[in-house]
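Working notes, beginning with the structure itself.
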Amino acid sequence: MISIRNVSKFYGGFQALRDCSTEVAKGEVIVVCGPSGSGKSTLIKCVNGLETFQQGEIVVHGPSVGAPGTDLPGLRAHVGMVFQHFELFPHLSVLDNLTVAQVKVLGRPREEALERALALLDRVGLRAQAAKYPGRLSGGQQQRVAIARALAMDPVCMLFDEPTSALDPEMINEVLDVMRELAADGMTMVVVSH
Ligand code: ADP
428 MISIRNVSKF YGGFQALRDC STEVAKGEVI VVCGPSGSGK STLIKCVNGL
478 ETFQQGEIVV HGPSVGAPGT DLPGLRAHVG MVFQHFELFP HLSVLDNLTV
528 AQVKVLGRPR EEALERALAL LDRVGLRAQA AKYPGRLSGG QQQRVAIARA
578 LAMDPVCMLF DEPTSALDPE MINEVLDVMR ELAADGMTMV VVSH
């Protein structure tokens with residue numbers, strides 16, 4: 428599903444990744460673990476083209492990420508990303524957070540997008556919060572919304588960048604439970620954690 432071959436990445440003169448290679452099979456769940464500043468975030472951002480890299484190749488479910496002519500928006504639409512600080516759209520309700528890209532990027536009819544969004548909110552236990560704005564939710568709830576939002580795009584794989592490190596300890600498990608279920612359902616996942 429994801430193939431990372433001999434990838435090196437420089438920020439100006441600073442080398443953040445040195446000759447990184449790994450393979451992630453369909454349905455596999457891997458953790459990228461290491462100290463702060465070791466390049467974990469940079470690595471997964473290279474996987475969906477949020478960062479460029481200078482050497483090597485990354486292939487995600489067919490397309491080569493760094494190749495000229497690769498449809499990066501198209502690729503990103505099917506690579507789910509969950510960030511440390513949730514990055515929900517603050518001016519949209521939870522429901523709109525889950526539908527906007529389905530309609531605008533995938534071209535789904537609004538009714539179908541709503542149905543999918545509500546089913547996913549059920550799955551992460553947040554259907555009752557659908558009309559609220561993200562700022563009214565706890566951190567753990569916001570992160571579960573962010574996971575549901577990514578899943579609404581029917582991703583081929585999911586990238587998690589320290590998904591629980593901004594959460595209070597008592598909220599970590601509600602997010603990990605959702606991630607464990609996702610893994611058990613066969614989702615391909617790359618999880619960055621320190
Ligand atoms: P991690 O996720 O393991 O904490 P990062 O991938 O965030 O590590 O960062 C790896 C290294 O690259 C760090 O030394 C960091 O300072 C540097 N770095 C990250 N982003 C940038 C950037 N946009 N410009 C310059 N240096 C950066």
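621 is the number that the working numbering gives the last residue of the sequence shown; the numbers go up by one with no jumps. Even glycine gets a Cβ: it sits at the ideal position worked out from N, Cα and C. Remember, it's a predicted structure, so these values are computed and weren't measured experimentally.
Between residue 523 and residue 602, the alpha-carbon positions lie close to 21 Å from each other. Remark: C-beta atoms of residue 548 and residue 572 approach each other more closely than 9 Å. Residue 434 is a Cβ neighbour of residue 484, given a cutoff of 9 Å. Annotated as proximal: residue 488 and residue 583, with beta-carbon spacing under 9 Å.
The count of Cβ pairs closer than 8 Å, one atom from the region 558-571 and one from the region 535-543, stays below three, leaving the stretches out of contact. In this structure, the beta-carbon distance from residue 615 to residue 453 falls below 9 Å.
Cβ contact annotation for residue 503 (same chain, cutoff 6 Å, sequence separation greater than five): 475, in chain order.
In the three-state reduction of the DSSP assignment, residue 433 falls in the strand class, which pools E and B. Its chain contains 557, 558, 559, 560 as the residues whose beta carbon lies nearer than 8 Å to that of residue 520, once the 5 sequence neighbours on both sides are disregarded; these appear in chain order. Beyond the five residues adjoining it in sequence on each side, residue 579 comes within less than 8 Å, by CB distance, of 525, 526, 528, 529, 540, 543, 544, 547 in the same chain, given in chain order. Distances from the CB of residue 499 to the heavy atoms of the ligand ADP are all 8 Å or more.
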